[in-house]
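Residue numbers (the numbering used here), protein chains in the order written: chain F, 1 to 194; chain W, 195 to 388.
Some notes on the structure that comes next.
2 protein chains.
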Amino acid sequence: MGTTDPRIARTRATVLDTAAAIVVEQGTAALTVDAVVARSGVARSTIYRHWPTRDDLLVDVFEHCVPSLVTPSPELGFEAAMRQFLHAVVDHLADAKWNRMLPALMALKAYEPTLARVEERMEERQGSISADLFARGEREGMFGPELDRSRAMTLLVGPLVFAALSGETPITPELADASLSNFLAGLSRPDPAR
Amino acid sequence: MGTTDPRIARTRATVLDTAAAIVVEQGTAALTVDAVVARSGVARSTIYRHWPTRDDLLVDVFEHCVPSLVTPSPELGFEAAMRQFLHAVVDHLADAKWNRMLPALMALKAYEPTLARVEERMEERQGSISADLFARGEREGMFGPELDRSRAMTLLVGPLVFAALSGETPITPELADASLSNFLAGLSRPDPAR
DNA sequence: GCGATACAGGACTGTACTGTACGATTTCTA
DNA sequence: TAGAAATCGTACAGTACAGTCCTGTATCGC
């Protein structure tokens, strides 16, 4: 099984790209097999050869578009590594593609178990990176093991996602810096609310 | 026009409640006129007497469910008032109803101008409250007029919305306190990233 | 080149939903 | 109680979409 038929890879890519464009431009409800046929030139029967149902295609579209975040270089300390990570998140959220797809995924995951699993896998990858990052912070003595990592990540990433969703404030690296800066400030001044 | 026919108010309320329940439980795609008929007992023709199209009904459902936030008492200072406001936000986000509806609204507003306007009105109301709150902070000398209010609100509310959407970390008043605490800490320690 | 396989291009069935129409019935108001 | 108005119940046309099936054609690996 050295090589796979190039025709298969070709149509698969064409269909996925077209489907993603439709979802981004018109939403998930507009993703119909006929729409993909009309826009991609790929035949109806061919699409059903690759995906048993329309829903399977939609799942693959999301999976195809989920951003792949990368663990920052191990030489970096907590602050620099976290900043780099947050900047990468900003990049993906600012991109029109994921900017439109994320809310759709959030909205659908509550009702479509298959999409919920796509989102789970995404959070797993992100979770392992975040664990790595917080391990650096603990090693540097910035906080102890009692720090709630999930909550901390929520505090750091939340503003970025919110900015992307609401469109109230522009999503920029400076926003990520501000979020990180507030978090670090909160570390040195122990939470008076508890 | 002293009193309106109670039948009208009754049907309207029944249909809106039923429709909201369907959207919460099964998503906006499941909101069909037939589904409302089956579940509410209201006749098809009656629904079309009140709403010209299914989409108009959906818009009304969102409008009917948008939480109405309230300006905290004027006696409260910036910190206490903001805390109260954030706790109210947490309350609404923790409620199953709005917890499901918000992502749907976020996902659809990009493609449905009518829903975009629902969201705009919501943000306007929220924006006027936020202006009031920041005015208190400025009066107390916590920051000057150069503070970007939109960004600040994003930093404060973002984590709450993100927690509600992702489900990674529980959405509690303590989370709101942590967000506020980080923000205040960031104020006293001027942002080193700029 | 040749067999195998993927693709193109339809036609077709079944279903779900929208929106309209209209007579019969209930419920309000005066 | 009587008239007005809202509601019920149902039938109907039109449309959009999912998914199947079949035939002929292009493209691949060998």
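Note that CB positions come from ideal geometry on N, CA and C, so glycine has one too.
Remember, it's a predicted structure, so these values are computed and weren't measured experimentally.
| Check | Outcome |
| --- | --- |
| Beta-carbon neighbours of residue 278 of chain W, restricted to chain F and to distances below 8 angstroms | Correct list: empty, because the minimum Cβ distance to chain F is about 13 angstroms. |
| Assumed close pair residue 376 of chain W, residue 155 of chain F - CB separation to whole angstroms, cut-off 8 angstroms | 6 angstroms |
| Sequence-distant residues of the same chain with beta carbon closer than 6 angstroms to residue 51 of chain F, five excluded per side | 57 |
| Cβ-based burial, residue 96 of chain F [other Cβ within 10 Å; buried from 16] | exposed |
| Residue 210 of chain W to residue 261 of chain W span [Cα, whole Å] | 15 angstroms |
| Alpha-carbon spacing of residue 255 of chain W relative to residue 222 of chain W, whole angstroms | 10 angstroms |
| Chain W residues whose Cβ lies nearer than 7 angstroms to that of residue 151 of chain F | 363, 369 and 372 |
| Neighbour-count burial assignment, residue 145 of chain F, 16 or more Cβ in a 10 Å radius | exposed |
| Segments assigned alpha helix (DSSP H), at least 4 residues, entirely inside the stretch 220-258 of chain W | 227-234 and 238-244 |
| Residue 195 of chain F in three-state terms, based on DSSP | This structure cannot speak to residue 195 of chain F, because chain F is shown only from 1 to 194. |
| Check whether residue 162 of chain F and residue 149 of chain F have beta carbons under 8 angstroms apart | no |
| Listed by chain order, chain W residues near residue 147 of chain F by CB distance under 7 angstroms | By Cβ distance, chain W contributes nothing, its closest Cβ being about 11 angstroms from residue 147 of chain F, past 7 angstroms. |
| Nearest-angstrom Cα separation, counted from residue 205 of chain W out to residue 237 of chain W | 10 angstroms |
| Residue 109 of chain F, DSSP secondary structure in three states | coil |
| Residue interval of the alpha helix (DSSP H) (run including residue 142 of chain F) | First-last for residue 142 of chain F: undefined, no H or E at that position. |
| CA nearest to the CA of residue 257 of chain W, picked from W/228, W/285 and W/310 | W/310 |
| Residue range of the alpha helix (DSSP H) that includes residue 69 of chain F | Premise fails: residue 69 of chain F is in no alpha helix (DSSP H) and is neither H nor E. |
| C-alpha distance - residue 168 of chain F paired with residue 280 of chain W, whole-angstrom precision | 17 angstroms |
| Member of W/318, W/301 and W/292 whose CA lies at the smallest distance from the CA of residue 98 of chain F | W/301 |
| For residue 167 of chain F, three-class secondary structure by DSSP | coil |
| Close beta carbons around residue 175 of chain F, own chain, < 8 angstroms, minus the five adjacent residues each side | 90, 159, 160, 163 and 169 |
| Neighbourhood of residue 101 of chain F by C-beta, 6 angstroms cutoff - its chain only, sequence neighbours within 5 removed | 65 |
| Test: residue 375 of chain W CB closer than 8 angstroms to a CB of chain F | yes |
| Span separating the alpha-carbon of residue 137 of chain F from that of residue 22 of chain F | 42 angstroms |
| Chain-ordered residues of the stretch 300-313 of chain W with a beta carbon less than 9 angstroms from chain F | 300, 301, 302, 303, 304, 305, 306 and 313 |
| Within-8 angstroms CB hit, residue 100 of chain F to chain W | yes |
| Cβ neighbours of residue 93 of chain F in the same chain (closer than 8 angstroms, five flanking residues each side left out) | 99, 102, 160, 161, 163, 164 and 171 |
| Any C-beta of chain F under 8 angstroms from that of residue 349 of chain W | yes |
| Beta-carbon separation (whole angstroms), residue 202 of chain W vs residue 265 of chain W, contact threshold 8 angstroms | So it is not a contact: roughly 32 angstroms between Cβ atoms. |
| Element boundaries [alpha helix (DSSP H), containing residue 277 of chain W] | 272-288 |
| Buried versus exposed call for residue 40 of chain F [16 or more other C-beta atoms within 10 Å across all chains shown] | buried |
| Reference residue 83 of chain F, options F/173, F/75 and F/186, closest by Cα | F/173 |
| Short CB-CB distance (under 8 angstroms) between residue 352 of chain W and chain F | yes |
| Any C-beta of chain W under 8 angstroms from that of residue 123 of chain F | yes |
| Span separating the alpha-carbon of residue 231 of chain W from that of residue 240 of chain W | 9 angstroms |
| Under 7 angstroms from the C-beta of residue 165 of chain F: neighbouring residues of chain W | 300 |
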